[in-house]
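**Q** Chains as they are written, first to last, in the numbering used here: chain A, 69 to 416; chain B, 69 to 416.
For every residue, glycine included, the Cβ atom is placed at its ideal position computed from N, Cα and C.
None of the values given here were measured: they were computed from a predicted structure.
Protein chains: 2
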Amino acid sequence: MSKVVSKPTVHDIARVARVSLATVDRVLNGRSGVREKTIDKVNDAIRELGYVRDRSAANLARQRQYSFTFVLPEGPSQFVDTIREALRDAYASQIADRVTLNVISVPTHDPHAIVRKLLSIDVSGLDGIALVVPETPQIRDLVARLKAAGVAVIALASDLPNSERDFFVGVDSVAAGRTSGLLMGKFAPDAGEILVVTNSMRARDSLERRLGFDQVMQTSFPHLKVLPTIESFDDPARMEELVYGMLIRKPRLLGLYSMGSGNLAVLRALRRSARSAELSVIVHELTPPTRAGLLSNEIDAVIAQNVGHLVRSALRVLRNLSDRLPIFEAQERIRIEIVMRENLHYPS
Amino acid sequence: MSKVVSKPTVHDIARVARVSLATVDRVLNGRSGVREKTIDKVNDAIRELGYVRDRSAANLARQRQYSFTFVLPEGPSQFVDTIREALRDAYASQIADRVTLNVISVPTHDPHAIVRKLLSIDVSGLDGIALVVPETPQIRDLVARLKAAGVAVIALASDLPNSERDFFVGVDSVAAGRTSGLLMGKFAPDAGEILVVTNSMRARDSLERRLGFDQVMQTSFPHLKVLPTIESFDDPARMEELVYGMLIRKPRLLGLYSMGSGNLAVLRALRRSARSAELSVIVHELTPPTRAGLLSNEIDAVIAQNVGHLVRSALRVLRNLSDRLPIFEAQERIRIEIVMRENLHYPS
DNA sequence: ATATAAATGAGGAACGTACCTCAAATCAAC
DNA sequence: GTTGATTTGAGGTACGTTCCTCATTTATAT
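1) K254/A CB to nearest chain B CB: under 7 Å?
2) Have a look at V110/A, G323/A, V265/A and T91/A and flag the residue whose alpha-carbon is nearest the alpha-carbon of A333/A.
3) With N111/B as the anchor, note down where its alpha helix (DSSP H) starts and where it stops.
4) The stretch 351-383 of chain B: which residues have C-beta closer than 7 Å to a C-beta of chain A, in chain order?
5) In this structure, does DSSP put P205/B in helix, strand or coil?
6) Enumerated in chain order, which unbroken segments of the alpha helix (DSSP H) with a length of 4 residues or greater are wholly contained in the stretch 240-266 of chain B?
7) Give the DSSP-derived three-state secondary structure of E397/A in the structure shown.
8) Chain A partners of L310/B, CB-CB under 7 Å?
9) Mind pulling the chain A residues with CB within less than 8 Å of V284/B?
10) Drop a sphere of 10 angstroms on the beta-carbon of N331/B, count the other beta-carbons inside from all chains shown, and report buried for 16 or more, exposed for fewer.
11) Leaving aside the five residues before and after G143/A along the sequence, list all residues of the same chain whose C-beta is less than 7 Å from its C-beta, in chain order.
12) Between E400/B and chain A, is any beta-carbon pair separated by less than 7 Å?
13) Taking contact to mean at least 3 C-beta pairs separated by less than 8 Å, is the stretch 345-364 of chain A in contact with the stretch 386-400 of chain A?
14) What did DSSP end up calling F301/A once you bin it into helix, strand or coil?
15) Of the residues R156/A, A225/A, L295/A and S88/A, which one's Cα is nearest the Cα of N170/A?
16) So if I threshold CB-CB distances at 7 Å, which residues from the stretch 139-172 of chain A count as touching chain B?
17) Since A125/A meets chain B, which of its residues come closer than 8 Å, beta carbon to beta carbon?
18) Would T247/B pass as an interface residue toward chain A - the criterion being a Cβ-Cβ separation below 7 Å?
19) Shorter than 7 Å from the beta carbon of P179/B to some beta carbon of chain A?
20) Spatial neighbours of T150/B within its chain, please: C-beta separation below 7 Å, excluding the five flanking residues on both sides.
21) Residues in its own chain within less than 6 Å of S135/B by CB, not counting five upstream and five downstream?
22) Straight-line CA distance for V174/A to V92/B?
23) Please list the segments of the beta strand (DSSP E) lying wholly inside the stretch 307-366 of chain B, counting only runs of 3 or more residues, in order along the chain.
24) Could you tell me which of D165/B, G101/B, I107/B and Y312/B sits nearest to I81/B, measuring between CA atoms?
25) Nearest-angstrom Cα distance between M69/B and K185/A?
26) Can you check whether the C-beta of L194/A is within less than 7 Å of a C-beta belonging to chain B?
27) Can you tell me whether DSSP reads V294/A as helix, strand or coil?
28) What runs of the alpha helix (DSSP H), each 4 residues or longer, lie entirely inside the stretch 128-213 of chain A?
29) Could you check the C-alpha separation between S124/B and G245/A for me, to the nearest Å?
30) With the cut-off set at 7 Å, would you say M327/A and L263/A are in Cβ contact?
31) Candidates V211/B, V351/B, L321/B and K254/B: which alpha carbon is nearest L335/B's?
32) Could you pull the start and end residues of the beta strand (DSSP E) that I402/B belongs to?
33) Taking a contact to mean a Cβ-Cβ separation below 7 Å, would you say Q206/A touches P179/A in this structure?
34) Roughly how many angstroms lie between the CA atoms of D258/B and R306/B, to the nearest whole one?
35) For the pair the stretch 274-282 of chain A and the stretch 238-253 of chain A, tell me if three or more CB-CB distances fall below 8 Å.
36) Can you give me the start and stop residues for the beta strand (DSSP E) that L224/A sits inside?
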């Protein structure tokens, strides 16, 4: 309804507030040496005009360049591949405006090797770093060292709660486990047993997911008996045999909850047992195999996090940390998504 | 790992390609009058340097101002309020850079009044319009008229498939209904009846949701009998009584699917009947009442769309339409979200 | 070789903000 | 009323791109 004239600029503020451009600039950018009264005059003019800073012009003038490094585990992993892809996407969009990204890979399980590799990177000129690594004393040390060098540090996907990291971008694993538990409880009506599998309970994520899962199961679905976690220790063959064995030996099994990766092996075991139809299967992470599992009705629900959000959030957070700006926490909370066959509408 | 020098600019391209700045500009902005060979030289240089256009500078120089109008139904509606809020948020962020937004309210159910109000808006200088209105012949006419005046038109949340609208930003209602159906089927194990309620089946959304719901129910859960849709015609009291009556008279009821708004009345009826615990309740739209319903276990699942995404997507699409740029459809697909008690982690 | 058209170059202004310097004005304290 | 400190003003340059004009060079057709 309102007529559009053309956005007010700093010049307009100066005119309306009857001060100079320099003063407007001082107020706008919080520089010192301006009387309270003058600040008010300027702010009044800003409000009166409905002025909003032109971000494009500001960024251009500021010439701020951010240099961020993402540290990802090496080796084949659907999840990490997705992060890589999301980083590429983000880089092409405005979210990564004025940032230079570096992505480096580190060995997955050797903390010393991780630290060695990370110590070799040039910290000068580096504004922030996002770590996707397991928490170990060596990593905690490293985080402290990075912080001391003035680098913003965030944990991505998997938290480093006992380190000095500035922020964690990712989902609350306990809540993710609780969500799985709630779904499992609703899916499995009668009394019976639930099988829980993962790569390794040494991983914090799996521990926390199990914790959340059990919380809900115990309080809301006591008729379901959750069996001890089966671990494959990153061996797909072992995973398949263990799961298959349980499927054969436990006739009262009503559900299967896979907390880690290795879902391909789980699916193979399920297929061999021919018990797929009678079991409710819930797994984590939306990947090509789990997507296929949803479509084939072998998986009932996938608990996922949107990796695009994860990456964009990480970039926003790193940027704000670098500029010592506050972080709008609510915006950075990564949703726990429930994906089933009918709402599987993600771009493939 | 790679050293950061400082981003290459158009000047660098010109230097490396051994052409003038003007030529680089012509190539970069697809202007005519450049030989194929020269275009290649420039593109080679761009690739060699890894040049990426500085969006801030480009936007600033281009001085493109977008003027968009959002047309929302008036009257109290949680959903519309959320859109309003999301628009405000978007306006404060970079997504609405260089756009001036107008929001106008129109009567909800009177197509003539809507058209009258919309005809009164000044089309000159308007780049695009987003419509949240029901489809009627009058609206289709209006869309055609707006298109003829050179205004980009998108349907928001609710599609106008038989009009000349350029794009639809929202979820596929049939898929949303299918998702609800799948959830309901998984939640309700035994044979029994499912109650379906809405404001009005005249609304396309409700029709399509019911269609999707029935598809899944019939093919996957034939043991469940879906009752005819109950309509409240926007009368909460009527809704409450109708639902309450069914709850009393139908002992075999296992589930309740609410496709439209008016969930407050549905919840009241449910509470009065004291049958909440035995029923699986699935509703649409995450609003304060449905959020409360999730927390109190009266609602089992909410099918929602992320209104923030909806609005940001609308702005992106309108912008691209105005610039006659292609739309990246996969990015604009709005997800159907399944929200339950344990993944209800939205900012309140 | 000439006429004509097409392609390219050179240069500059503009966008709105940030940030700088130096001078001038205003204020506070005595 | 003077001194010294604080506040304000005036003016400029820079950021990287877009878009413009006009001159010049190069290619094409005759």
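**A** Reading off the structure:
1) Your numbering for residue 254/A matches position 186 in the first sequence. True, the Cβ-Cβ gap to chain B drops below 7 Å.
2) Here the question's residue 333/A lines up with position 265 in the first sequence. Ranking the options by Cα distance to A333/A, first place goes to V265/A.
3) Here the question's residue 111/B lines up with position 43 in the second sequence. E104 to L117 is the span of the alpha helix (DSSP H), which, as asked, contains N111/B.
4) D368
5) Within the second sequence, the letter at position 137 stands for residue 205/B. Note: P205/B maps to helix in three-state DSSP.
6) 241-255
7) Here residue 397/A refers to the residue found at position 329 when the first sequence is read from its first residue. If DSSP states are grouped into helix, strand and coil, E397/A belongs with the helices.
8) Against the second sequence, residue 310/B aligns to sequence position 242. The contacting residues do not exist; L310/B stays about 27 Å from chain A at best.
9) As a working note, residue 284/B is residue 216 in the second sequence. Neighbours of V284/B on chain A, chain order: E410.
10) For the purposes of this step, residue 331/B is taken as residue 263 along the second sequence, with counting starting at 1. Buried is the call here.
11) Taking the first residue of the first sequence as position 1, residue 143/A is located at position 75. For G143/A, where only same-chain residues beyond five positions count, the Cβ hits under 7 Å are T176.
12) Counting from 1 along the second sequence, the entry for residue 400/B is found at position 332. So no, E400/B is outside the interface.
13) no
14) Here the question's residue 301/A lines up with position 233 in the first sequence. Coil at F301/A, not helix or strand.
15) On the first sequence, position 102 is the one that residue 170/A refers to. Checked all of R156/A, A225/A, L295/A and S88/A; the closest Cα to N170/A is R156/A.
16) Q162, D165, T168, N170 and I172
17) Position 57 of the first sequence, counted from the start, is the residue given in the question as residue 125/A. Those within 8 Å of A125/A in chain B are S124 and L128.
18) On the second sequence, residue 247/B is found 179 positions in, with the first residue counted as 1. Output row for T247/B: interface = yes.
19) Locating residue 179/B in the second sequence gives position 111, where the first residue counts as 1. So no, P179/B is outside the interface.
20) The count along the second sequence starts at 1 and reaches residue 150/B at position 82. These residues qualify, in order along the chain: V375.
21) Within the second sequence, residue 135/B is the residue found at index 67, counting from 1. These residues qualify, in order along the chain: T168, G193, L194 and D195.
22) If you number the first sequence from 1, residue 174/A lands on position 106. If you number the second sequence from 1, residue 92/B lands on position 24. Roughly 40 Å between the two C-alpha positions.
23) 321-326 and 348-352
24) Position 13 of the second sequence, counted from the start, is the residue given in the question as residue 81/B. Among D165/B, G101/B, I107/B and Y312/B, the Cα nearest to that of I81/B is on I107/B.
25) As a working mapping, residue 69/B is identified with position 1 in the second sequence. As a working mapping, residue 185/A is identified with position 117 in the first sequence. Residue confidence for M69/B is low, a pLDDT of 35 falling below 50, so the modelled location carries little weight and cannot support an answer.
26) Along the first sequence, read from residue 1 onward, the residue named residue 194/A stands at position 126. Chain B contact via Cβ: absent.
27) For the purposes of this step, residue 294/A is taken as the residue at position 226 of the first sequence. Strand, per DSSP.
28) 146-160 and 179-187
29) Here residue 124/B refers to the residue found at position 56 of the second sequence. Here residue 245/A refers to the residue found at position 177 of the first sequence. Roughly 42 Å between the two C-alpha positions.
30) Numbered from its first residue, the first sequence carries residue 327/A at position 259. Numbered from its first residue, the first sequence carries residue 263/A at position 195. Going by C-beta atoms, M327/A is not nearer than 7 Å to L263/A.
31) Taking the second sequence and counting its residues from 1, the one referred to as residue 335/B is at position 267. Considering only alpha carbons, the answer is V351/B.
32) Within the second sequence, numbered from 1, the residue matching residue 402/B stands at position 334. Unbroken run through I402/B: none, as it is neither H nor E.
33) As a first step, residue 206/A must be located in the first sequence, where it is residue number 138. As a first step, residue 179/A must be located in the first sequence, where it is residue number 111. For Q206/A and P179/A, yes; Cβs fall inside 7 Å.
34) Position 190 of the second sequence holds residue 258/B. Position 238 of the second sequence holds residue 306/B. Cα-Cα distance, rounded: 30 Å.
35) yes
36) Here residue 224/A refers to the residue found at position 156 when the first sequence is read from its first residue. From DSSP, the beta strand (DSSP E) with L224/A extends over A220 to L224.
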